[in-house]
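Have a look at the structure below before the remarks.
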Amino acid sequence: FSNIHQQTDDNKKPYNIADLVSQIARSYEGKITYIQPKRPEETVVRCVPDFIDIVVRNLVSNALEAVQEKKQGESNPSDVILKLATAPEYVEISVEDKGTGIAEEKLHEIFLPDVSLKENHLGLGLYLVSEIVNAHGGSVHVASRYGQGSKFKILLKKEEGGAA
């Protein structure tokens, strides 16, 4: 994982992540709801697309697992919402679920390596998400209520002038 920052610095390029995120959403068709950006042409960020793919798939996978655990397999696409949106300076990727949620006292631990709130998991997924987003100069935010669900929000700085 120590190489993530170097690999990111060496391989970042302007990239419109709208196509990437919609492709990921299609791969989960029937399992999640995808809300597309109003202006997909404004979702250009300087990134390593494969790394952003890892981040989004990890968050969606975690959300689906949380919903499955809470509802014992009885879920519908509105239980997990993947959204791509733009703000004046940032592109926002969010994943919101109606799953098990995270206890408030555990929130500060979830991005640490080797910490998992799930049985038989290594605790590397959210650590990797955090490392990748930080390497891209972005930020990760989480809001959660135990028993009600979680929302993870990734903010990545828009690329000046667009292109892609």
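Residue 1285 in my numbering sits at position 155 of the sequence shown, and the numbers go up by one each step.
Cβ atoms here follow ideal geometry from the backbone N, Cα and C, with glycine treated the same way.
query	result
Buried versus exposed call for Ile-1212 [16 or more other C-beta atoms within 10 Å across all chains shown]	Note on residue identity: the sequence assigns Leu, not Ile, to residue 1212. Flag for Leu-1212 reads buried.
Local Cβ density within 10 Å of Asp-1209, reported as buried at 16 or more and exposed below that	buried
Start-to-end residues for the alpha helix (DSSP H) that takes in Gly-1255	1255 to 1265
Inter-residue spacing [alpha-carbon to alpha-carbon] between Ser-1280 and Thr-1138	28 Å
Residue span of the beta strand (DSSP E) that contains Asn-1192, given as start and end	No beta strand (DSSP E) holds Asn-1192; the alpha helix (DSSP H) holding it covers 1179 to 1201.
Where the alpha helix (DSSP H) containing Asp-1149 begins and where it ends	1147 to 1157
For Ile-1223, the first and last residue of its enclosing beta strand (DSSP E)	1220 to 1227
Cutoff 7 Å; reference Val-1185; Cβ partners in own chain excluding five residues on either side	Val-1259, Ile-1262, Val-1263, Ile-1284
Counted within 10 angstroms of its Cβ, other Cβ atoms place Leu-1242 as buried (16 or more) or exposed	exposed
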